[in-house]
Structures are given as C-alpha cells and as structure tokens.
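Worksheet: the structure to be examined is printed underneath.
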Amino acid sequence: MNPDELKTRVADYWNREACGTGAASAPKYSREYFDQIEAHRYEVEPEIFAFAQFTRHCGQKVLEVGVGAATDFLQWVRAGAKAYGVDLTEAAIEHAKRRLDVYGLRAEEVRVADAENLPYPDEFFDLVYSWGVIHHTPDTFKAFREIVRCTRVGGTIKVMIYNRHSLLAFQRYLAFGLARFRPFARVSDILFHHQESMGTKAFSRSEIVRFLATCPVQVRRTEAKATAYDLLWHKPWPCRAIAYALAACLGFHRCGWFMTIEAIKTGRPAATVSGL
Ligand SMILES: C[S@@+](CC[C@H](N)C(=O)[O-])C[C@H]1O[C@@H](n2cnc3c(N)ncnc32)[C@H](O)[C@@H]1O
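Note that our numbering numbers the sequence shown so that position 164 is 198, with each residue one more than the last.
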C-alpha cells in the first residue's frame, strides 16, 4: 500500500470515532460527554500530567500535533498557553471546537493539518507536544522532523510514541502471534495490522536515539514507564500479578508502551551537541 493510501486509511479510522471518545456514554458534544472523556483519560493515563506539565507553559506558544478528542489540548488552553492544535481528521477538529465552546474557552487556532507537513513557519513555537500520534502516520520520522522544524531554538519538544520493547507489544504478540499458531510472526507486522489504525508502528529506544542524533536537538529524557495497559489494570488479579512480575524483571521504567521523549531544540544536530 502506498503512503497516501495508508494515510487515507488512517484518517478514515480516526474519523469514524475520534480518539478516546469510546469511553463516554452521555450525548455527543454535551458537557457531560466531554467530562466523561476527560475523567476516563486521566484515570488510565495519569502519566500525561507529569510529562506535559501543562501549567509550566503558561503564556507560551504551544502546538499540539494530533489533538484527537482534544482532552490534552483543553489543558493547554486552561493553563493559559497560546494554544494551536492540528489533527489529520475533521472529527478531531470538530471535537476540539465544540469542546472549547462548551467550556467557554478560546485557542489561537485549531485546524485540520498533516503532521508530515505542518502549516507553520520554522521556529514558530516555544513548545511542540504530541501524544500518541506520529507512530500512526506513514512517515513517522518526517513528522518528527516537522515538529523539530517548527520549534524555536531553545524551545521544547515533547513527544510520546509507542515502544516496541514493551509489555503491551508482548501481549499483542501472544494474542495475534502465538495464540493463532504464528509463533514467528513479527511484532511490527502484528502492530501494523492489529493496533488501532492500519499501519501503526512502535520503536525501540535505540532507533529513536539514533534518529534524534540527526536532529538539531538535545535529548533531555526518554522513558517508557509501565502503563495501565502494560500492567493489565482492567484484567483479573492473576493476569495483573504476572504483568507486575514481568515489569519488575524488565524494569518498570523501560517496559512501558508509552515512550516519552523530551528534547530541547539546539539548532545543531544532537551528535555534535551531546555526543549521542
Ligand atoms: C491515538 S490518537 C491520539 C490523539 C490524542 N493525542 C490523544 O492522546 O488522545 C491518534 C491521533 O493522531 C491523528 N493523526 C494520525 N496521523 C496524523 C497525521 N499525519 N497528522 C496529524 N494527525 C494525525 C489521528 O487523527 C488521531 O486523532
């Protein structure tokens, strides 16, 4: 499948149901609907607050790439950032606009745009943030380079992408490889076909570090803490016990599905700055 076709499939998938809205039962676009989405999100993904640190960026020009149902985007606006948000889908942008209206809030801009071709000038933002997005686009590294391009020198980049060396990826292997008598199935193929939109990718930490060494950034931190999904919070206790035991062996900070990357734009490739 060529990249344009794949991107259309990705957009179709996320247009059918904006990301994270499945948890809500209240009437669509009502205040209760948005409250339910928000409550559920931060119950299962509490690590977002520690990573984003929304309130530290008050007054700054912030771009969120891939707003989805705009739950984090709402936090940027509430925290007083000059917030810009983009997403590939109309469904997401409609959610963002309705959500701001429901709470009586105002952002600088929300619009449909492709992470691989961001419609902003070089060095326009103090912070570019993206949670769980660019592993869905066909050219993840092109999207990452776009994020770096739009960040000002000295500005911050905060990106979460999926970690291939995680307990969740292993669970997917068990379910779609081993349990289907395909022990030699590749985790990357399984994720491509069975993880959210078609074409989803997950990366190892070393792949990301190698890529970032070619970008004008200094990496502050990469982490992959075990998440609710890795630790099977929604499953019976024997499953949770096994997941916790595995996480203890592998390292709670390394085996999580969410690989968070925080970097500062330097203006020179990382290899010459930090010796990565
Ligand atoms: C898993 S959801 C994450 C959304 C949101 N950041 C969140 O955490 O709820 C993935 C989102 O990425 C968006 N997306 C996928 N490819 C994209 C692209 N090339 N440019 C912009 N957004 C994209 C999808 O439309 C979808 O809203």
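For every residue, glycine included, the Cβ atom is placed at its ideal position computed from N, Cα and C.
Bear in mind that the values here come from a model prediction, so they are computed numbers and not experimental data.
Around the beta carbon of M35, fewer than 16 other beta carbons sit within 10 angstroms, so the residue counts as exposed.
The DSSP assignment places 185-196 as complete runs of the beta strand (DSSP E) inside the stretch 184-238, in order along the chain (cut-off: 3 residues). Nearest in C-alpha terms to S200, of all of I224, F158 and T261, is T261.
For I71, the enclosing alpha helix (DSSP H) starts and ends at R65 to V78.
Boundaries of the alpha helix (DSSP H) harbouring Q109: T105 to R112, taken from the DSSP string. Short note on L108: C-beta not closer than 7 Å to any heavy atom of ligand 1.
As DSSP reads the structure, F178 sits in no beta bridge.
Every alpha helix (DSSP H) stretch that sits fully inside the stretch 111-155 and reaches 4 residues is listed by chain position as 124-137.
Contact between A113 and C92 is confirmed by a C-beta separation of about 6 Å, below the 8 Å threshold. Boundaries of the beta strand (DSSP E) around F159: F159 to W165. Cβ neighbours of V136 within its own chain (closer than 8 Å, five residues either side excluded): Y63, S64, R65 and F68. Look at H170: its beta carbon is less than 7 Å from one of the heavy atoms in ligand 1.
With a cut-off of 7 Å, the C-beta of L161 is classified as distant from ligand 1, since no heavy atom of the ligand falls inside that distance. Here L208 is exposed: its Cβ has fewer than 16 other Cβ atoms, across all protein chains shown, within 10 Å. In this structure, the C-beta of V253 stays at least 7 Å away from each heavy atom of ligand 1.
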